[in-house]
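Residue numbers (my numbering), protein chains in the order written: chain A, 1 to 180; chain B, 181 to 1139.
For glycine and all other residues, C-beta sits at the position ideal for the given N, C-alpha and C.
Given the structure is predicted, the values throughout are model-derived calculations rather than measurements.
Working notes for the structure below.
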Amino acid sequence: MAQVFSRRADTIARTVIAVAVLLAVLAVLRLVGIIPPGAFAGTAAAPPQPRPFSHFHHVAEIGIDCAYCHTGVHRGPVAGFPSVETCAGCHLPVEPRPDLPPPLAWNRVVDMPDHVFFDHSAHVTGGIPCAACHGAVEEMDSTRQAFPLTMAFCLDCHRTEAAARGLPQTALTNCYVCHR
Amino acid sequence: MTRSPRPAPWRSPEERAGHPDRPPPVLPETSRRDVLRIMGATLALAGTAGCDGSPPERAIPYAVAPEDAVPGEPRYYATAVTLDGYAQPVVAETHEGRPTRLDGNPRHPLVEGRIDAFAQAAVLDLYDPARSAAVWHAGAPVNGDAFDTALAALRADWAATAGEGVRLLTGPLTSPTLLRRVAAFLEAYPRARWHAHAPVGPYGRQRAVALAAGRPLDRRLRPERAAVVVSIGDDPLGPGPEQVAYARGWSRRRQGVRDGDAGALRLLVAEATPTLTGAVADRRCVADAGRLALLVGALAHRLGSAAAPAVPPELSAAETAWVAEAASALEGAGGRSLLLAGPALPDDAQALALVLNAELGNLGATLDLVEPIAPPPPDGADSLAALVADLEAGRVTALIALDVNPVYASPGDLDVAGALSRAAVTIHAGLYRDETGERCTWHVPLAHALESWGDARAVDGTVTIQQPMLRPLFGGRPAAALLAALTDGGEAGDEEAVRATWRAAFGDGFEARWAEALRLGHVPGSAPPSVVPERLAAPPPSAEPVPPGDGYDLLFLPDPTVWDGRFAANAWLQELPKPLTKLSWDAAVLVAPALAAGLGVETGGLLTVAVGGTRLTAPAWVMPGQAPRTLTVMLGHGRGAPAGVGAGVGYDAYTLRRAGSPWLVRGAAVERAGGTAGVVTTQTHGRMEGRDIIRIVAPGGGGGPETMGREQPSLYPDWPYEGHAWGMVIDLDACIGCNACVIACQAENSVPVVGRNEVARRREMHWLRIDRYYDGDAANPRTLFQPVPCMHCEKAPCEMGCPVNATVHGPEGLNQMVYNRCIGTRTCAAYCPYEVRRFNYFDYAALEPEGAIPVRNPDVTVRSRGVMEKCTYCVQRINAARRDARREGREIRDGDVRTACQGACPTDAIVFGDINDPGSAVARARRSPRHYALLGELGTRPRTTYLARVADEPDGEGA
């Protein structure tokens, strides 16, 4: 008569139990706050940057508008990063203008998946403030992702906005709005 | 509408005979070891695919942002690429400085925004990793400075001898700057000579015109003004630099026929091998290539021309009937006709046709003569032969070959490779280190048209100033700079050279006119005026053409996708199914069905064609509508390693070509070689099981309750389409099968290339295909084209079939494909009656060379393995139009959204728009009496619909 349990049954059972215990521990650590909120959604830590750029200083302390540096935000799909020349406008003397340093390679804080086509101008000119997705950037010394930016996060807003604007129910929630 | 029953159109002789699936082509064997190796690699990759947490993506800003640049928004520049030296006006779309696609220039008077397949595919050449990236000397790559040093020494030598023995070889030149530099070169070195070689080129036609007019002139056709067009062996709608302009003119005129006036345009064609012009002819006569000259003579006789031969040539009954009909049509047109004689006809026959045009009163009305847009070199069409003779006689010490490949693309009876070795210094400049580059002492990489300043004339003579989109990717040198460097005191670079030309031409206000010319993409008013030759007389007809005896007529044609071979390295064009044969990555000898039966071969069977002592073995292609004793071969294939991905595709027909008569060799022999070679064709792919796929109606006919009344009741609830409802109508009467839409779709949607073996397995990825059908007898059938994109059915079977909701219905009627949901069951493709869904069997995009990644459209997802994909109606353009409209606070207007295929189409066969808007162009087209739904009886309610082909004998045989 064939064996009821295979030779590997014990191993499988132990692995399942180990994974379950591990998940339970992680859940507890998250609930008591040892693991910060957003750690699983990519919103916890600020990625390292080549220079310690502070949005708090530039936005809250000096009062520069977002679009001063992110020039494409009203006009195109991408907000854009300021060119070295833009930075130099404040940071380097105008006369005599020294040679510009090479551009810095920033690490993206928000990296949308490649099959998602987000258009900044469509949102900003449609009355959605930057903070709706980027959070209180003016309070961040080192910039981090404020919200999970998952599909559910997008859809929450798209559903309510469609209703608020009197658009057909699927006008902002059909696949081709964001995916092509 | 009532139509008498007639046999359904067919696509291949095999299908007609009732066994549609030809034996699969011979593919390379895959050994068990290969399978295991590939599987191992796949498993290894599958293991890594699960890992997340890719390193953070970098964002690198500009140092100095371009003025007015909006990040992520494309910038557009008007410029031109060239084909055989002629400008093809384009607007280049660039993303962050990288050109991604070329569209026709809407401001250019000749093309009005339309473009052909070649010009669109030129952007892929820009990124081809097979392009030459180094200066070569004596068979090894060297530092580029070495060439400059050597050239300085050569200049001193040439100056000392006044250029004795120095020769410059170019392709056809229309560029005012290049012609000015050539003139400066000849002035600096008075004993030097300029030669020009074009495997296809205008020089043969100019020589024929010179026979009648006394000097070489170009002909400019005005098909939009012609009520009758008679073409004998010519193909004005066929591929080439003139296609877009002539197809537009023809389609405009043809609109009268579509609107019910059968007399608006009559097109009568006599030809030996099917062409795109013959496919849309009202009356098509099949005659062997060597007999076509007789038809011109007989026509002259019928018309009572003084230039007609004394004795009318003997013709067959069918030919006589055709000539009689052509003659009466020409006479009845009252100076609004065109008589065209093809380049393969003897010069005297072409000259006679020109004289007949003058006698019919067409000169100045439908046909203009202009000074040559591409001025002929001293020896005209025999320029290369003269150069080879001089080389062999040892009269040439130095040769500069600029952007030509005569070692490959020259008639087989000229030993260019051997002759080149007789010159001490040979300098080749080209995009590729091609067959000629390998045999020259120096090779210099040339910059692409999108990388350099330049200028060129379109076929009507209008000049476009070329501006660079980016710095040369491979360090190539612009042609204008290279020519300037041949003489002391030439301009320092390409921009200086072009500006110098136009500073002289524009005079005062240069900067403003220069900026305006760049903005418009053409120099207004630069087309030359037409000229009236002092005399126009037909020469006495040459001796009676040699009766063929046992021989066959061997006709040469430039390949419709790789042209003379210059596009052999272009994967988009190699994979593009040829309009009539649907061959992909392949070439064949076209033979008539009767001849094939006589020889005992079927399609794919090997034939040996012999001209004199030269023999060529190639697979046969049974071509319906081919003349019985004419063989047709395509130039541009059979290239070696320098052609990159095109290496080893097809066979080299140049070996059979003869310098004296490049288009037609009489008395060729053909025999069965035994054995078969697989030919790869898409003609039987995507077969739709259904009746009435292509409809043909009489002028003014069509309509009736049957046309759209086939909507079956549906168990599924109707969708509400509250806002827009996108739809497309394709006019089968306007489609000439030119493939511009297919390449437009490929470029816009980053459709991957799959290669020959995958095409043979029916895995080509083109989202838009053009089906070609035949109607009637195989000896002379009517040819029909039908572009088939996704139908975006309102009751889409694919949506009902998908188990994971990966293809869903959008609120505006788009059938949406959601790649990241697709698990690759392929159920949707099985359910699709139109066979428009494409499955990515391998990660085709990942197999493309890394260097070609920038050509992809960043607004479209790159699809991966195991995912279904298909036409999206260019949803990225719909979304962009919607966004722009909302930003400006308005509704989307009709015409705001133009799909890529629609934008390219030279004949406006495709209209797209909102069918909810009764005033839109697409809604108007849907009200046409010719409107019908493909396979409408299935109740799918397709959004892509068709307008029936118009023919005066809808149930007739076309002949």
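Can you tell me which of B/325, B/306, B/907 and B/436 puts its alpha carbon nearest to the alpha carbon of residue 315 of chain B? The residue you call residue 315 of chain B lines up with position 135 of the second sequence. For residue 315 of chain B, the closest of B/325, B/306, B/907 and B/436 by C-alpha to C-alpha distance is B/325.
Would you be able to state if there are at least three C-beta pairs under 8 Å between the region 1031-1040 of chain B and the region 924-937 of chain B? yes
Helix, strand or coil, according to DSSP, for residue 679 of chain B in the structure here? Here the question's residue 679 of chain B lines up with position 499 in the second sequence. Helix, per DSSP.
Any beta carbon of chain B sitting closer than 8 Å to that of residue 170 of chain A? Here the question's residue 170 of chain A lines up with position 170 in the first sequence. Yes, contact with chain B.
Output the boundary residues of the beta strand (DSSP E) element that contains residue 133 of chain A. Position 133 of the first sequence holds residue 133 of chain A. Per DSSP, residue 133 of chain A belongs to no beta strand (DSSP E); it is in the alpha helix (DSSP H), 131-134.
Buried versus exposed call for residue 898 of chain B [16 or more other C-beta atoms within 10 Å across all chains shown]: Position 718 of the second sequence, counted from the first residue, corresponds to residue 898 of chain B. Exposed, since its Cβ has fewer than 16 Cβ neighbours within 10 Å.
Assigned secondary structure, residue 225 of chain B (DSSP; H/G/I helix, E/B strand, else coil): Start at 1 with the first residue of the second sequence, and residue 225 of chain B comes out as number 45. With a pLDDT of 48 at residue 225 of chain B, under the threshold of 50, the predicted position of this residue should be treated as unreliable, and no value is reported.
Enclosing beta strand (DSSP E) for residue 465 of chain B [first to last residue]: Translated into positions along the second sequence, residue 465 of chain B becomes position 285. Segment 463-466, the beta strand (DSSP E) holding residue 465 of chain B.
What residues from the region 995-1006 of chain B come within 7 Å of chain A, judged by C-beta to C-beta, listed N to C? With the criterion set as a beta carbon lying under 7 Å from some beta carbon of chain A, the members of the region 995-1006 of chain B are 996, 998, 999 and 1000, in sequence order.
For residue 608 of chain B, count neighbouring C-beta atoms within 10 Å of its own C-beta (all shown protein chains included) and say buried if the count is 16 or more, exposed if not. The residue given as residue 608 of chain B occupies position 428 in the second sequence. Residue 608 of chain B should be labelled buried.
Near-chain B residues of the region 97-111 of chain A (beta-carbon distance less than 7 Å), N- to C-terminal order: Residues 100, 102, 103, 105, 106, 107, 108 and 111.
May I ask you to report which of helix, strand or coil DSSP gives residue 608 of chain B? Counted from its first residue, the second sequence places residue 608 of chain B at position 428. Note: residue 608 of chain B maps to strand in three-state DSSP.
Residue 35 of chain A - DSSP class collapsed to helix/strand/coil: Translated into the one-based positions of the first sequence, residue 35 of chain A becomes position 35. Here residue 35 of chain A sits in coil by DSSP.
Is there a Cβ of chain B sitting closer than 8 Å to that of residue 58 of chain A, yes or no? Mapped onto the first sequence, residue 58 of chain A falls at position 58. Chain B contact via Cβ: absent.
For residue 989 of chain B, the three-state DSSP class (helix, strand or coil): Numbered from 1 along the second sequence, position 809 holds the residue referred to as residue 989 of chain B. Note: residue 989 of chain B maps to strand in three-state DSSP.
State the start and end residues of the unbroken alpha helix (DSSP H) segment that holds residue 1053 of chain B. What you label residue 1053 of chain B is simply residue 873 of the second sequence in a count that begins at 1. Premise fails: residue 1053 of chain B is in no alpha helix (DSSP H) and is neither H nor E.
Starting from the C-beta of residue 889 of chain B, find all residues in its chain whose C-beta is less than 7 Å away, skip the five residues before and the five after it, and write them out in chain order. Looking up residue 889 of chain B in the second sequence gives position 709. A caution first: residue 889 of chain B carries a pLDDT of 46, below 50, which makes its placement in the model too unreliable to give a value.
Along chain A, which residues have their Cβ under 7 Å away from the Cβ of residue 558 of chain B? Reading the second sequence from its first residue, position 378 is the one you call residue 558 of chain B. Residues of chain A passing the Cβ test: none, with the nearest at roughly 53 Å.
Counting C-beta neighbours from all protein chains within 10 Å, is the total for residue 712 of chain B 16 or more, i.e. buried, or is it exposed? Counting from one through the second sequence, the residue named residue 712 of chain B turns up at place 532. Residue 712 of chain B should be labelled exposed.
May I ask you to list the residues that DSSP assigns as paired with residue 750 of chain B? The count along the second sequence starts at 1 and reaches residue 750 of chain B at position 570. Per DSSP, none; premise fails for residue 750 of chain B.
Neighbouring residues, chain A, relative to residue 240 of chain B (Cβ below 7 Å): Mapped onto the second sequence, residue 240 of chain B falls at position 60. By Cβ distance, chain A contributes 103 and 105.
Please list the residues of the region 239-269 of chain B that have a C-beta atom closer than 7 Å to any C-beta atom in chain A, keeping them in chain order. 239, 240, 241, 242, 243, 244, 245, 250, 251, 252 and 253
Boundaries (first-last residue) of the alpha helix (DSSP H) holding residue 123 of chain A: In the first sequence, residue 123 of chain A corresponds to position 123, counting from 1. Note, residue 123 of chain A: alpha helix (DSSP H), 120-124.
Ends of the beta strand (DSSP E) at residue 531 of chain B? The residue you call residue 531 of chain B lines up with position 351 of the second sequence. Unbroken run through residue 531 of chain B is the alpha helix (DSSP H), 527-539; no beta strand (DSSP E).
Under 8 Å, Cβ to Cβ, is there at least one residue of chain A near residue 1123 of chain B? Your numbering for residue 1123 of chain B matches position 943 in the second sequence. Answer no: the Cβ-Cβ gap between residue 1123 of chain B and chain A never drops below 8 Å.
Based on the DSSP output, what are the partners of residue 1003 of chain B in its beta bridges? If you number the second sequence from 1, residue 1003 of chain B lands on position 823. Answer is none; residue 1003 of chain B lacks a bridge partner.
CA nearest to the CA of residue 426 of chain B, picked from B/277, B/1097 and B/1088: Position 246 of the second sequence, counted from the first residue, corresponds to residue 426 of chain B. With distances taken between Cα atoms, residue 426 of chain B lies closest to B/1088.
Our contact map puts residue 1132 of chain B next to residue 879 of chain B with C-beta atoms below 8 Å; I'd like the distance itself, whole angstroms only. Locating residue 1132 of chain B in the second sequence gives position 952, where the first residue counts as 1. Locating residue 879 of chain B in the second sequence gives position 699, where the first residue counts as 1. Sure, about 6 Å apart at Cβ, within 8 Å.
Compare the C-beta of residue 897 of chain B against all C-beta atoms of chain A and say whether one is closer than 8 Å. Here residue 897 of chain B corresponds to residue number 717 of the second sequence, with the count starting at 1. Taking Cβ atoms only, chain A never reaches closer than 8 Å to residue 897 of chain B, which makes this a no.
Counting along the chain, where does the beta strand (DSSP E) carrying residue 814 of chain B start and finish? One-based indexing of the second sequence puts residue 814 of chain B at position 634. Residues 810-815.
Counted within 10 angstroms of its Cβ, other Cβ atoms place residue 153 of chain A as buried (16 or more) or exposed: For the purposes of this step, residue 153 of chain A is taken as the residue at position 153 of the first sequence. Result: exposed.
Helix or strand or just coil, what does DSSP make of residue 622 of chain B? Position 442 of the second sequence, counted from the start, is the residue given in the question as residue 622 of chain B. Secondary structure at residue 622 of chain B: strand, using DSSP grouped into helix, strand and coil.
Which ranges would you report for the beta strand (DSSP E) in the region 384-410 of chain B if only whole runs of at least 3 residues count? 398-401
Could you say which of B/716, B/919 and B/583 lies nearest to residue 659 of chain B if we only look at CA atoms? Within the second sequence, residue 659 of chain B is the residue found at index 479, counting from 1. Out of B/716, B/919 and B/583, B/583 has the C-alpha closest to the C-alpha of residue 659 of chain B.
Output the distance between the C-alpha atoms of residue 964 of chain B and residue 756 of chain B, rounded to the nearest integer angstrom. Here residue 964 of chain B is taken as the residue at index 784 of the second sequence, counted from 1. Here residue 756 of chain B is taken as the residue at index 576 of the second sequence, counted from 1. Separation of residue 964 of chain B and residue 756 of chain B (C-alpha to C-alpha, rounded to the nearest whole angstrom) is 18 Å.
For residue 974 of chain B and residue 175 of chain A, the rounded distance between their alpha carbons: In the first sequence, residue 175 of chain A corresponds to position 175, counting from 1. In the second sequence, residue 974 of chain B corresponds to position 794, counting from 1. Annotation: residue 175 of chain A to residue 974 of chain B spans about 17 Å, alpha carbon to alpha carbon.
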